[in-house]
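Here's the structure, in structure tokens; my notes come after.
There are 2 protein chains.
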Amino acid sequence: MKIPRDIVEKRMAEFLEACQRKCLKLTHQRLEIYRELAVSEEHPAAETIHRRVRRRLPTISQDTVYRNLKLLAQEGLISIVGMSHERLRFDANMGMHHHFVCVHCGLIRDFYSSNSAVATMPKEAKTFGEPVSLRLEVKGVCHGCRTRRRGKR
Amino acid sequence: MKIPRDIVEKRMAEFLEACQRKCLKLTHQRLEIYRELAVSEEHPAAETIHRRVRRRLPTISQDTVYRNLKLLAQEGLISIVGMSHERLRFDANMGMHHHFVCVHCGLIRDFYSSNSAVATMPKEAKTFGEPVSLRLEVKGVCHGCRTRRRGKR
DNA sequence: TAGCAATCAGGAATGATTCCTATTCAATTC
DNA sequence: GAATTGAATAGGAATCATTCCTGATTGCTA
Numbered sequence: 319m320k321i322p323r324d325i326v327e328k329r330m331a332e333f334l335e336a337c338q339r340k341c342l343k344l345t346h347q348r349l350e351i352y353r354e355l356a357v358s359e360e361h362p363a364a365e366t367i368h369r370r371v372r373r374r375l376p377t378i379s380q381d382t383v384y385r386n387l388k389l390l391a392q393e394g395l396i397s398i399v400g401m402s403h404e405r406l407r408f409d410a411n412m413g414m415h416h417h418f419v420c421v422h423c424g425l426i427r428d429f430y431s432s433n434s435a436v437a438t439m440p441k442e443a444k445t446f447g448e449p450v451s452l453r454l455e456v457k458g459v460c461h462g463c464r465t466r467r468r469g470k471r
Numbered sequence: 319m320k321i322p323r324d325i326v327e328k329r330m331a332e333f334l335e336a337c338q339r340k341c342l343k344l345t346h347q348r349l350e351i352y353r354e355l356a357v358s359e360e361h362p363a364a365e366t367i368h369r370r371v372r373r374r375l376p377t378i379s380q381d382t383v384y385r386n387l388k389l390l391a392q393e394g395l396i397s398i399v400g401m402s403h404e405r406l407r408f409d410a411n412m413g414m415h416h417h418f419v420c421v422h423c424g425l426i427r428d429f430y431s432s433n434s435a436v437a438t439m440p441k442e443a444k445t446f447g448e449p450v451s452l453r454l455e456v457k458g459v460c461h462g463c464r465t466r467r468r469g470k471r
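Residue numbers (the numbering used here), protein chains in the order written: chain A, 319 to 471; chain B, 319 to 471.
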């Protein structure tokens, strides 16, 4: 359930360094939010992190937790599991296929890979349970968003 | 933007057949909800489907759309993109890794694959934009849920 | 075509996330 | 080590997607 101490310490050191490089203030709250994520193997939700950090910083607000997690994800110091545009999205294509997801606008498109290795269940996946389905999730910036963004700079 | 007519017709036929096999009533609403998903390439959200179906069935309720989409996903006639447990989940592990996601309890765990082909960006992924990250998403039932469920039957 | 279980409509409730605003604080400078 | 200042915070209100509730409707079977 816990990440080994030496890895956590490495993550914390890199985090401090990255915050300074990116001119993010090292607030008590920010540090504890990151630490709580860095020690956990379970990919906790924001509310879980809030609950845990509150044991040490009893007045920390939900908003601070959400704000920091989003900010850190934006700066590439942590990542958000799945798609960030979080409404349920549905799919009638039940055949083997993969997804390209645009991190800016939430566009999702199917693609198919000619590389059959990608369609094979890795044995390591069985460590945690019985696999049922397999999909490659590629995050990126779609053509539309790329064009739009280029104009902005 | 649209799926070719012959594929849509094939999907509709299979859908009718599957509903009968599974003793799901063929209501007007259910049919139109599925049809709207079957013709779309964009993995629409529930609200989008609701808006579109309403053009033909003006009194259809949101709940009906949500209820049917969830039911059809449960029966394996459609699928939900991403994780069904939809709270944001965070990750401090920025190295290359993959995810095992339990469809019952939402457990997420990292695993690593020795197969390097899985770590290579498929060229087909570039069709829709500039890829940034790559991850294998394996859905399944975790050990804990499997044990619990076996007891129930 | 009658009966019944499944399904539905509409509105209220829930729960996660974000917004608002006055206050606090980390970091820089002197 | 005090002053300054823009970034960050707390707390509560607001929003938005999703689900629940209840009474009415409808597909299916006989």
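C-beta atoms are modelled at their ideal positions from N, C-alpha and C, and glycine is treated no differently. The structure presented is a predicted model; accordingly, all values stated were derived computationally and were not measured.
For residue 362 of chain A and residue 456 of chain B, believed in contact at Cβ under 8 Å, the rounded distance: In the second sequence, counting from the first residue as 1, residue 456 of chain B sits at position 138. In the first sequence, counting from the first residue as 1, residue 362 of chain A sits at position 44. Between residue 362 of chain A and residue 456 of chain B the Cβ distance is about 20 Å, and since that is not below 8 Å, they are no contact.
Can you give the Cα-Cα distance for residue 336 of chain A and residue 395 of chain A, rounded to whole angstroms? Reading the first sequence from its first residue, position 18 is the one you call residue 336 of chain A. Reading the first sequence from its first residue, position 77 is the one you call residue 395 of chain A. C-alpha separation (whole angstroms): 8 Å.
I want to verify the contact list: residues of chain B whose CB lies under 8 Å from the CB of residue 356 of chain A, in sequence order. The residue you call residue 356 of chain A lines up with position 38 of the first sequence. Those within 8 Å of residue 356 of chain A in chain B are 410.
Using the beta-carbon of each residue, which ones in chain B are nearer than 8 Å to residue 376 of chain A? The residue labelled residue 376 of chain A in the question sits at position 58 within the first sequence. Under the 8 Å cutoff, chain B gives no residues; its nearest Cβ is about 22 Å from residue 376 of chain A.
State yes or no: is the C-beta of residue 326 of chain B within less than 7 Å of the C-beta of residue 356 of chain B? Position 8 of the second sequence, counted from the start, is the residue given in the question as residue 326 of chain B. Position 38 of the second sequence, counted from the start, is the residue given in the question as residue 356 of chain B. Contact: yes.
Could you give the DSSP three-state label for residue 361 of chain B: helix, strand or coil? Position 43 of the second sequence, counted from the first residue, corresponds to residue 361 of chain B. In this structure, residue 361 of chain B counts as coil in the three-state DSSP scheme.
With DSSP collapsed to three states, give me the class of residue 378 of chain A. Within the first sequence, residue 378 of chain A is the residue found at index 60, counting from 1. Note: residue 378 of chain A maps to coil in three-state DSSP.
Identify every residue that forms a DSSP beta bridge with residue 440 of chain B. Mapped onto the second sequence, residue 440 of chain B falls at position 122. DSSP output for residue 440 of chain B lists no bridge partner at all.
Applying a beta-carbon distance threshold of less than 8 Å, which residues of chain A neighbour residue 420 of chain B? As a first step, residue 420 of chain B must be located in the second sequence, where it is residue number 102. Those are 446 and 447, listed as they occur along chain A.
Kindly indicate if chain A contains any beta-carbon less than 7 Å away from that of residue 339 of chain B. As a working note, residue 339 of chain B is residue 21 in the second sequence. It does not; no Cβ of chain A falls within 7 Å.
Check each residue of the segment 427–445 of chain A: if its Cβ is closer than 8 Å to any Cβ of chain B, include it; give the result in chain order. 427, 428, 429, 430, 431, 432, 433, 435, 436, 438, 439, 440, 442, 443 and 445
Could you list which residues in chain B have their beta carbon closer than 9 Å to that of residue 454 of chain A, in chain order? For the purposes of this step, residue 454 of chain A is taken as the residue at position 136 of the first sequence. Within 9 Å Cβ-Cβ: 436, 440, 443, 452, 453, 454 and 455.
Please report how far the alpha carbon of residue 471 of chain B lies from the alpha carbon of residue 460 of chain B, in whole angstroms. Locating residue 471 of chain B in the second sequence gives position 153, counting from the first residue. Locating residue 460 of chain B in the second sequence gives position 142, counting from the first residue. With a pLDDT of 36 at residue 471 of chain B, under the threshold of 50, the predicted position of this residue should be treated as unreliable, and no value is reported.
Any non-hydrogen atom of the ligand MG within 6 Å of residue 339 of chain A CB: Looking for the ligand MG in the displayed structure turns up nothing, as the structure carries no ligands at all.
Are the C-beta of residue 471 of chain A and some C-beta of chain B separated by less than 7 Å? Within the first sequence, numbered from 1, the residue matching residue 471 of chain A stands at position 153. Note that residue 471 of chain A has pLDDT 38, beneath the 50 cutoff, so the model's placement of it is unreliable and the number below is only indicative. False, the Cβ-Cβ gap to chain B never drops below 7 Å.
Kindly indicate which three-state DSSP category residue 425 of chain A falls into: helix, strand or coil? Taking the first sequence and counting its residues from 1, one reaches residue 425 of chain A at position 107. DSSP places residue 425 of chain A in coil when its eight states are reduced to three.
By Cβ distance, which residues of its chain are closer than 6 Å to residue 403 of chain A, with the 5 residues on each side in sequence left out? Position 85 of the first sequence, counted from the first residue, corresponds to residue 403 of chain A. 424, listed in sequence order.
Should residue 325 of chain A be flagged as near chain B, meaning a C-beta pair shorter than 7 Å? Counted from its first residue, the first sequence places residue 325 of chain A at position 7. Not one chain B Cβ lies under 7 Å of residue 325 of chain A.
With distances taken from CA atoms, which of A/328, A/343, A/360 and A/352 is nearest residue 371 of chain A? Within the first sequence, numbered from 1, the residue matching residue 371 of chain A stands at position 53. Nearest C-alpha to residue 371 of chain A: A/352.
Looking at the C-beta of residue 397 of chain B, does it have a partner C-beta in chain A at a distance below 7 Å? Working through the second sequence from its first residue, we reach residue 397 of chain B at position 79. Taking Cβ atoms only, chain A reaches closer than 7 Å to residue 397 of chain B, which makes this a yes.
Does the beta carbon of residue 334 of chain A sit closer than 7 Å to a beta carbon anywhere in chain B? As a position in the first sequence, residue 334 of chain A is number 16, starting the count at 1. Chain B, which has no Cβ nearer than 7 Å to the Cβ of residue 334 of chain A, makes this no.
Close-in-space but distant-in-sequence residues of the same chain around residue 346 of chain A (CB under 7 Å, 5 per side omitted): Within the first sequence, residue 346 of chain A is the residue found at index 28, counting from 1. Cβ neighbours of residue 346 of chain A beyond the five flanking positions: 375.
Within chain B, the residues that residue 322 of chain A reaches when beta carbons sit closer than 8 Å: Translated into positions along the first sequence, residue 322 of chain A becomes position 4. The contacting residues do not exist; residue 322 of chain A stays about 13 Å from chain B at best.
What do you get for residue 334 of chain B, buried or exposed, if any count of 16 or more other CB atoms within 10 angstroms of its CB means buried? For this step, residue 334 of chain B is matched to residue 16 along the second sequence. Classification for residue 334 of chain B: exposed.
Indicate the three-state DSSP secondary structure (helix, strand or coil) for residue 398 of chain A in the structure shown. In the first sequence, counting from the first residue as 1, residue 398 of chain A sits at position 80. Three-state DSSP puts residue 398 of chain A in a strand.
List the residues of chain B whose Cβ lies closer than 8 Å to the Cβ of residue 401 of chain A, in chain order. Here residue 401 of chain A refers to the residue found at position 83 of the first sequence. Going along chain B in sequence order, the residues near residue 401 of chain A (Cβ under 8 Å) are 399 and 400.
Can at least three beta-carbon pairs, one atom from the segment 400–420 of chain A and one from the segment 434–453 of chain B, be found at a separation below 8 Å? yes
Buried or exposed: residue 341 of chain A, going by 16 or more other Cβ atoms within 10 Å of its Cβ? Sequence index remark: in the first sequence, residue 341 of chain A carries index 23 (1-based). With fewer than 16 other Cβ atoms within 10 Å, it is exposed.
Could you tell me the boundaries of the alpha helix (DSSP H) in which residue 453 of chain B lies? The residue given as residue 453 of chain B occupies position 135 in the second sequence. From DSSP, residue 453 of chain B is part of no alpha helix (DSSP H) but of the beta strand (DSSP E) over 447–460.
Starting from the beta carbon of residue 349 of chain B, find every residue of chain A whose beta carbon is closer than 9 Å, and list them in chain order. Mapped onto the second sequence, residue 349 of chain B falls at position 31. Correct list: empty, because the minimum Cβ distance to chain A is about 13 Å.
Top-ranked residue by Cα proximity to residue 466 of chain A, from B/467, B/344, B/447 and B/323: Here residue 466 of chain A corresponds to residue number 148 of the first sequence, with the count starting at 1. Nearest C-alpha to residue 466 of chain A: B/447.
Does residue 344 of chain A pass the burial test, meaning 16 or more other C-beta atoms within 10 Å, or should it be called exposed? As a first step, residue 344 of chain A must be located in the first sequence, where it is residue number 26. Burial call: exposed.
Please report whether the beta-carbon of residue 461 of chain B lies at a distance below 7 Å from any beta-carbon of chain A. As a position in the second sequence, residue 461 of chain B is number 143, starting the count at 1. By this cut-off, residue 461 of chain B is an interface position.
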